[in-house]
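Written below as structure tokens is the structure these notes are about.
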């Protein structure tokens, strides 16, 4: 039992260190982008609408994200995003017992690409993100889930970006040991700084 506790402690410390490293890398990338004229930095408000089984346990998520984009061609941009979302917990009934739901905190750290339909990177675009979500809720040790998200967006003005993505997070059910996909529809409205 002592060895198991030591392994758990080691894994928990490792996860904490990895989180700090990932957040530091995102911070460095965002700060270095401020000096580049062609790159863009964005700050956005985000809502997450849980889908499927995920929606049975959690309500709407609200939060914010920081983004960084580097153009790598007339129609293509490489992006990085990180932020924080809180999903409201839902109460659920297990037949004999009613369980009070707790909120879920999520730190998405993702990278990806955007393909613009115009040469000057304005208007509509398609994109995809991939990365991790660091998840934690009351009474749990937390988890790190890999995810992918196709997205569709549109620059309403030169500096206002609206995007919708279908976020899929891959996890394992602790009771059945089966793979599960938790998903939510992410809606982001962001203000961008920087050139095109």
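Residue numbers (this note's numbering): 805 to 1000. Each residue gets a CB set at the ideal place from its N, CA and C atoms; glycine is no exception.
query, result
"Residue 892 - partner residues in DSSP beta bridges", "DSSP lists no partner for residue 892."
"Coarse secondary structure for residue 986, derived from DSSP in three states", "strand"
"Contacting residues, own chain, Cβ-Cβ under 8 Å from residue 839 (five flanking each side not counted)", "Unreliable placement is indicated for residue 839, whose pLDDT of 46 sits below 50; the coordinate value is still reported in the next sentence. Correct list: empty, nothing qualifies."
"Between the CA atoms of residue 961 and residue 916 - distance to the nearest angstrom", "22 Å"
"Separation of residue 909 from residue 844, as counted between CA atoms", "27 Å"
"Given residue 850 as reference, the closest of 842, 860, 856 and 864 once Cα atoms are compared", "864"
"Spatial distance of residue 982 from residue 974 (CA atoms)", "11 Å"
"Other residues of its chain near residue 903: CB distance less than 7 Å, five sequence neighbours each side excluded", "895 and 896"
"Rounded separation between residue 817 and residue 946 - CA only", "Because residue 817 carries a pLDDT of 47, less than 50, the predicted location of this residue cannot be relied on, and the following value inherits that uncertainty. If you take the alpha carbons of residue 817 and residue 946, they lie about 12 Å apart."
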